[in-house]
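*Asks:* I'd like to ask you about the structure that follows.
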Amino acid sequence: MTARVDGTTPSAPPAVAGERLRGKYAGFASRFTAFAVDVVVSLGVFMLALAAISFAARVLTGKDISWHNGDIWVVIAYAVWAFIYFAYSWAADGRTAGMALVGVRVVRDDGTDASARQAIVRTLAFPLSFLFLGLGLAGILLGDRRRALHDVIAGTAVVYSWDTRAARLRFLSGDGLSSGPRHPGDTTVCAARTRAARTVWPG
Amino acid sequence: MGPSPSLGSDSDLVNPFQRQHVEVLAQVVTERAVELVVSALDVNAVLDQVDINRVLDQIDLDRLLGRMDLDEMVQRIDVDALVEQTDLGAVIAASSSGAASDLLDVVRSQTVGLDEFIARWIGRLRRRPYTGPPGPPNRVRAEAAS
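So the sequences go chain by chain: A and B. Counting from 109, one number per residue, gives the positions in the first sequence under the numbering used here. Counting from 418, one number per residue, gives the positions in the second sequence under the numbering used here.
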């Protein structure tokens, strides 16, 4: 434990202090954040594609194509696109864009890489978790292995994939304080960095 | 007898070939003289007698800087050439990647903090002590132990 330079008692470190997070089951907030990012990304790409199709149709045929959210073809097209987006991402790398941002990934329930078949099953089972007021997601909050219904069906789990210790070292080395002083002999700054790093990166 | 040749200016006395010889001779003599003086001079002894600190104390830096036209100096700097020689792309890329990495670390750490907060409260509601995130999966744990 690093002593505080101002003489005050440091606050108790989080429960996970001193442990690595990589490989441990990811929590609800991380997974929900990743999903929200994925929805934004997939919807954004889909709308861009619709706009590109409209533009191309106007240039080639001179007719305007208008898309309505309630149009069944638009809904089906988005469902197909979302299936490709999630299934391909999980099969190829075990993570979508949102998961890569948050630092989590899908693995087999024994911790090894998920197969393509599991990725497809997980994608197909994904909507089931949202049925009955999202009852299938309760396993993330209450289960010992933080698995949702679609995880159980596909035999997968979601784990943290980023190294908290590396992030803390980056911060301590000075890369994480872009605007702060960098003099190596400044013990006050070093102590402050250590305190901040312990607070921000518990692992 | 014919009339004797009249004497004109000095340049008429020496032809160009002779004048060149005289210039070379003068240059050699000058160099030799300087060489003798320098060899006879003990530079270290002279420097020992000079009190550098005293000289520096006597320099009025404010006055010196006041006499310098910094605007003119700045105008003389060829900024375009300076920019051409600087790999601005690498500088911008390094700073951008550093900032992006910082941002990513902060986002991830905040979500992990939120995970812990939620898990701790769930643990309280279930009257189970929360001891940190569960895992890793059994096989990973076994591989790490071996």
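All residues carry an ideal CB built from backbone N, CA and C; glycine is no exception.
1) Can you tell me whether residue 196 of chain A is helix, strand or coil according to DSSP?
2) Leaving out five residues on either side along the sequence, give the residues of the same chain with a beta carbon under 6 Å from the beta carbon of residue 231 of chain A.
3) I'd like to know whether the C-beta of residue 368 of chain B is nearer than 9 Å to at least one C-beta of chain A.
4) Any C-beta of chain B sitting closer than 9 Å to the C-beta of residue 141 of chain A?
5) Does DSSP put residue 541 of chain B in a helix, a strand or coil?
6) Report the residue ranges of all beta strand (DSSP E) runs contained in full by the segment 426-489 of chain B; include only those spanning at least 3 residues, in chain order.
7) Would you please state the rounded distance, in angstroms, between the beta carbons of residue 264 of chain A and residue 215 of chain A? I believe it to be under 8 Å.
8) Would you check if the segment 510-521 of chain B and the segment 219-239 of chain A touch, i.e. whether three or more CB-CB distances between them fall below 8 Å?
9) Is there at least one Cβ from chain B nearer than 9 Å to residue 157 of chain A's Cβ?
10) Mind checking the segment 502-514 of chain B against chain A and listing, in chain order, the residues whose C-beta falls within less than 7 Å of any C-beta there?
11) Would you tell me roughly how many angstroms separate the C-alpha atoms of residue 132 of chain A and residue 267 of chain A, rounded to the nearest one?
12) Determine the DSSP secondary structure at residue 289 of chain A, reduced to helix, strand or coil.
13) Who does residue 216 of chain A pair with in a DSSP beta bridge?
14) At the 9 Å Cβ level, is residue 543 of chain B part of the contact set with chain A, yes or no?
15) Figure out for me which residue from B:502, B:432 and B:535 has the closest Cα to the Cα of residue 246 of chain A.
16) Could you name the residues of chain A that residue 517 of chain B contacts, counting a contact when the two beta carbons are closer than 7 Å?
17) Using a C-beta cutoff of 9 Å, does residue 137 of chain A count as contacting chain B?
18) Ends of the alpha helix (DSSP H) at residue 161 of chain A?
19) Does the segment 248-264 of chain A come close enough to the segment 539-551 of chain B that 3 or more CB-CB pairs lie under 8 Å?
20) Along chain A, which residues have their Cβ under 9 Å away from the Cβ of residue 535 of chain B?
21) Is the CB of residue 217 of chain A under 9 Å away from at least one CB in chain B?
22) Tell whether a beta-carbon distance below 9 Å holds between residue 206 of chain A and residue 145 of chain A.
23) Can the beta-carbon of residue 256 of chain A be found closer than 9 Å to that of residue 229 of chain A?
24) What's the gap between the Cα of residue 289 of chain A and the Cα of residue 514 of chain B?
25) Considering only the beta carbon of each residue, do residue 189 of chain A and residue 143 of chain A sit closer than 9 Å?
*Replies:* Once the coordinates are examined:
1) Taken through DSSP and simplified to helix, strand or coil, residue 196 of chain A comes out as helix.
2) Within the same chain, and ignoring the five residues on either side of residue 231 of chain A in sequence, the residues whose Cβ sits closer than 6 Å to its Cβ are 191, 194 and 195.
3) What is shown of chain B runs 418 to 563, which leaves residue 368 of chain B out entirely.
4) Chain B, which has a Cβ nearer than 9 Å to the Cβ of residue 141 of chain A, makes this yes.
5) The DSSP-derived three-state label of residue 541 of chain B is helix.
6) Listed in chain order, there is nothing to give.
7) Rounded to the nearest angstrom, the Cβ distance from residue 264 of chain A to residue 215 of chain A is 7 Å, consistent with a contact under 8 Å.
8) Result no; under three Cβ-Cβ pairs closer than 8 Å.
9) Among the CB atoms of chain B, none fall inside 9 Å of the CB of residue 157 of chain A.
10) So the list is empty, because no residue satisfies the distance condition.
11) In a straight line, the C-alpha of residue 132 of chain A is about 5 Å away from that of residue 267 of chain A.
12) In this prediction, residue 289 of chain A has a pLDDT of 43, which is less than 50 and means its spatial position is unreliable; what the coordinates show is noted afterwards. Note: residue 289 of chain A maps to coil in three-state DSSP.
13) Residue pairing by DSSP places residue 216 of chain A opposite A:264 in a beta bridge.
14) For residue 543 of chain B, at least one C-beta of chain A is nearer than 9 Å to its own C-beta.
15) Of the listed residues, the one whose Cα sits closest to residue 246 of chain A is B:535.
16) Result: empty, since nearest Cβ-Cβ is about 11 Å, beyond 7 Å.
17) With its beta carbon less than 9 Å from one in chain B, residue 137 of chain A belongs to the interface.
18) Element bounds for residue 161 of chain A: 136-169.
19) Three or more Cβ pairs drawn from the segment 539-551 of chain B and the segment 248-264 of chain A lie within less than 8 Å of each other, which places the two stretches in contact.
20) Below the 9 Å Cβ cutoff, chain A contributes 135, 136, 137 and 249 as neighbours of residue 535 of chain B, in chain order.
21) With respect to chain B, the C-beta atom of residue 217 of chain A has a partner C-beta closer than 9 Å.
22) Cβ distance < 9 Å, so residue 206 of chain A and residue 145 of chain A count as in contact.
23) The answer is no: Cβ separation not under 9 Å.
24) With a pLDDT of only 43 at residue 289 of chain A, under 50, the local geometry of the prediction cannot be trusted, and the value read off the model is given with reservation. Rounded to whole angstroms, the separation of the alpha carbons of residue 514 of chain B and residue 289 of chain A is 19 Å.
25) Going by C-beta atoms, residue 189 of chain A is not nearer than 9 Å to residue 143 of chain A.
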